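Here the structure is laid out as structure tokens; the discussion comes afterwards.
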Amino acid sequence: MMTSLNPAFHFFKYNVRRAILLATLLAFTLPLVQAQPSRSKGIIEDGKHYSKVFKEERNFRLILPADYHQHPERRYPVIYYFHGNAGRFNGPAEGEVSRSGEARYYDDFNGNYERTGPDSLDNFTSYVADNDVIIAKWDGYVPAQYPRPYDIAPVKEDRQFVDYFPEFVEYIDANYRTKAYREARAVSGLSMGGFMSMLVASKYPHLLSSASFFCPSASFTVGPKALQIYTPFKEMGRNFVGMPIRMHLGSKDFLRQHDQEIDDAYKTLELNYESWHYGIGYFRGFHNAVNIKSQFDFHMHYFRMPLAKPDKWHHIDLYPNFSVWNYEVKTDRKVPGFTLLDDVRREGFSLQTKKWLPDGPTLPGLSVNITTDSIYKPNTTFELLELNVPTRKITHKNLRSDLKGRIQWQGNSEHSNIGIYKNGDPGHITLATYTLDRQMPGVGDIVSLTPLLFNKGGAAVDSVRIELIAQDQDVEVMDPAITVGKILQGTLYDKTAFKIRSRNANLDRAKLKLLLTYQGKKDQFLLEVPFYSPEKTLTKFEIADGRNVNLEVENQTRVGEGNGDGTVNPGEWISIFTKSELDSLHDFGLQLFTEDPNVMMENRRMLFFARADWSGAQRLTSQVQIRKDCPDGHEIKFYGIYEYPKTGNTRRDSHGAHSFIHETRRVSFTVKVKK
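The numbering of the sequence shown is UniProt numbering, which starts it at 1 and goes up by one.
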């Protein structure tokens, strides 16, 4: 009997063990299942609208919260995202390998871990599932240039996407439940889209609460077709005063050196700026939109806690006419260039124009009309002081605000500093400019820096305290803070100088901050002092005086104006080229500086040649004219700056990032003039 029961008993025993094992496995696996619950995704909606700017239908994609249609009472902030090269509003076609580097981030995780990085849920739809926000993606498609979007570098069709942005925002606000005000908008983008995010945010700070950039291209040629100009954002950081900005930089990104220059520059400008550097743990440090969560969390923070409009702001614009912070600027400019507004506040503003950034000469002969914001008492007489900074001539006139409290100023393109006040207003001190006793200081030289202060307010000011602070550790300010006497209303003061010295031969521009304290007020101004410290003497170079040079992208190109014999003759326009130590096939142009009066530096030109690194950056090459009466045999000493590529090992680096490292050389050399 026992024998007959043995098979059933063993069967029962086996199943009990199996049940216990399954229960044990379930106990261990259940938490894993709970740790990765099924997630709702944002709703993807594609649409079109007619653009008055482009005079055609334009595509867009929205990613809406999963419950967007279930809660018609809710409104949402919007992050406007701009795709990169080879991208579109809707991402790559199914099964297509995207050249944009954004494939997995467009809408959903594509299952390819090698393309993904550490977090498969770090994408747009997952982010919207966890946050009450709308992501709006425009389409940068331009038929003449695709896969390059946005019609930039060079402009071929004159499609101005910065003009389209306000129209796109207006359409989204009118047709979707957005929070239709500045504090609830942000922009972001990757690569060329990162550049567009910088361009849009810098042009429209009054429309946005924050901006971010994933591995952005740092510079491109942009603008109206006839006025397109090389626009380096390293020199335009002060446009972002009052707007929080954030940048992601990859350790092996082919653009990292350009972005590192922006990062270094912006950290000295006292912006609300942060950056995140990532390495091989995120997409192997390559060029991509990685760690979306932290980037977009940055925007969500400022949606909840927006910054107020700045009391003092600055702006650089490449368009002849523009509007910013309710100021309207109109010029009759018909050539490429930049308009610079500085230290803009109720007490006035400063105006400059430049042929290029950062140190281009003034654009001559322009008419400029500026209408202020409605910040003045309507229909009231005000006093206006105008300082012509180069000549130091001060003029005074009365003007009247309009019925909306705006004031109109008409002037020219020369450097001007404007004060606006009415009787009874206190004094207001500003830094108009500064002068150096040495125009081309080098490392170790003691330089005397003299601030030019301008009291453009309504009364005299007593006991102004001036302090100069270096923002570079290798720059020494050799004088303590100084208290000056009374500065009368409508007068200049330049009786106080500071001695500074650079202790670093590699420093090209010293960043300094001037602090003014008077009558319980504190104000500060940022300034830069160039230093000219050659690393070596350049012995091998070519003089382009109307002869061909072999460039990286343009190939054989005629440069200069002269007889083309490769020597410097009186009256010729010349440029200087040299070879890279690692590239003997191409010629690399120099930016030139000299104090020699036989070189007409006031008329210098700048040539912009393409770089073969996909970055949008260009090689700046000076062209200068020798005076016609320069004596035979005269030797001209130049200081020059040039960049050259440092070719890496592309076999070791599958992304090729090391191939695009460049270095900057600062050299001196001498040329002899022959008749």
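Here a beta-carbon is modelled for each residue, glycine too, at the ideal position from N, C-alpha and C. These numbers come from a predicted model, not from an experiment.
Residue i - containing alpha helix (DSSP H), residue span
i	result
Arg256	Arg256 to Tyr266
Asp297	Ile292 to Arg304
Leu269	No alpha helix (DSSP H) holds Leu269; DSSP gives it neither H nor E.
Phe195	Met192 to Lys203
Val128	Phe124 to Asp130
Simplified DSSP assignment, three categories, for residue i
i	result
Gly250	strand
Gln160	coil
Glu235	helix
Leu207	helix
Lys628	coil
Leu32	Per-residue confidence for Leu32 stands at a pLDDT of 30, beneath the threshold of 50, marking its modelled position as unreliable; the derived number appears in the next sentence. DSSP places Leu32 in helix when its eight states are reduced to three.
Phe669	strand
Val484	strand
Glu73	coil
Lys456	coil
Phe165	helix
Thr381	strand
Leu227	helix
Residue interval of the beta strand (DSSP E) (run including residue i)
i	result
Arg58	Glu56 to Leu64
Val222	Ser219 to Val222
Met606	Arg605 to Ala610
Pro576	The sequence as given places Ile at residue 576; Pro does not occur at that position. From DSSP, the beta strand (DSSP E) with Ile576 extends over Trp573 to Ser580.
Arg400	Lys393 to Arg400
Lys354	Gly348 to Lys354
Ile280	Taken as a continuous stretch (DSSP letters only), Ile280 belongs to no beta strand (DSSP E), as it is neither H nor E.
Ala308	First-last for Ala308: undefined, no H or E at that position.
Gln556	Asn555 to Val559
Leu366	First-last for Leu366: undefined, no H or E at that position.
His83	Here His83 belongs to no beta strand (DSSP E), and DSSP marks it neither H nor E.
Trp409	Gln408 to Asn412
His314	Trp313 to Asp317
Lys404	Here Lys404 belongs to no beta strand (DSSP E), and DSSP marks it neither H nor E.
Lys499	Phe498 to Ser502
Phe593	Gln591 to Phe593
Residue i, buried or exposed, once every other Cβ within 10 Å from all chains shown has been counted against 16
i	result
Asp462	exposed
Lys225	exposed
Pro378	exposed
Lys397	exposed
Val200	buried
Gln473	exposed
Ser367	exposed
Thr539	exposed
Asn321	exposed
residue 726	It is not possible to answer for residue 726, since the shown part of the chain is limited to 1 through 675.
Gly42	buried
Asn603	exposed
Val553	exposed
Tyr204	buried
Ile280	exposed
Asn291	buried
Residue nearest to residue i in terms of C-alpha spacing, selected from the options
i	options	result
Arg406	Ile375, Ile280, His415 and Phe577	Ile375
Thr557	Met600, Glu535, Thr539 and Ala610	Ala610
Phe524	Gly84, Gly564 and Ala470	Note on residue identity: the sequence assigns Gln, not Phe, to residue 524. Checked all of Gly84, Gly564 and Ala470; the closest Cα to Gln524 is Ala470.
Ala518	Pro166, Ala460 and Ala180	A small correction: the amino acid at residue 518 is Tyr; Ala does not occupy that position in the sequence shown. Minimum Cα distance to Tyr518 is reached at Ala460.
Asp132	Met198, Tyr81, His71 and Leu399	His71
Phe296	Arg666, Val53 and Ala129	Ala129
Asn569	Ala544, Leu384, Tyr181 and Lys234	Ala544
Gly546	Ile172, Gly564, Leu227 and Val222	Gly564
Asp158	Leu227, Met440 and Val344	Leu227
Ala66	Arg88, Lys628, Val671 and Tyr127	Tyr127
Phe286	Gly442, Trp276, Gln439 and Leu249	Leu249
Leu385	Glu414, Glu347 and Trp356	Glu347
Glu328	Phe89, Ile370, Tyr421 and Asn239	Ile370
C-beta neighbour in chain B for residue i, strict 8 Å
i	result
Gln260	Judged by its chain identifiers, the structure shown contains no chain B, having just a single protein chain.
Any non-hydrogen atom of the ligand NAP within 7 Å of residue i CB
i	result
Tyr644	For the structure depicted, the ligand NAP is absent and the ligand set is empty, with no information on it obtainable.
Three or more C-beta pairs under 8 Å: does that hold for the stretch 243-254 against the stretch 344-357?
no
Please determine if the stretch 314-331 and the stretch 389-405 are in contact, where contact requires at least 3 C-beta pairs separated by less than 8 Å.
no
Could you tell me whether the stretch 57-65 touches the stretch 136-155, using the rule of 3 or more Cβ pairs below 8 Å?
yes
When the Cβ atoms of the stretch 408-415 are set against those of the stretch 442-452, are three or more pairs found closer than 8 Å?
no
Check whether the stretch 488-506 touches the stretch 626-634, taking contact to mean three or more Cβ pairs, one atom from each stretch, closer than 8 Å.
no
Is the stretch 185-198 in contact with the stretch 78-85, if contact means three or more CB pairs nearer than 8 Å?
yes
Is it a yes or a no for the stretch 142-153 touching the stretch 296-306, going by three-plus beta-carbon pairs under 8 Å?
no
Does the pairing of the stretch 208-223 with the stretch 612-619 give three or more beta-carbon distances under 8 Å?
yes
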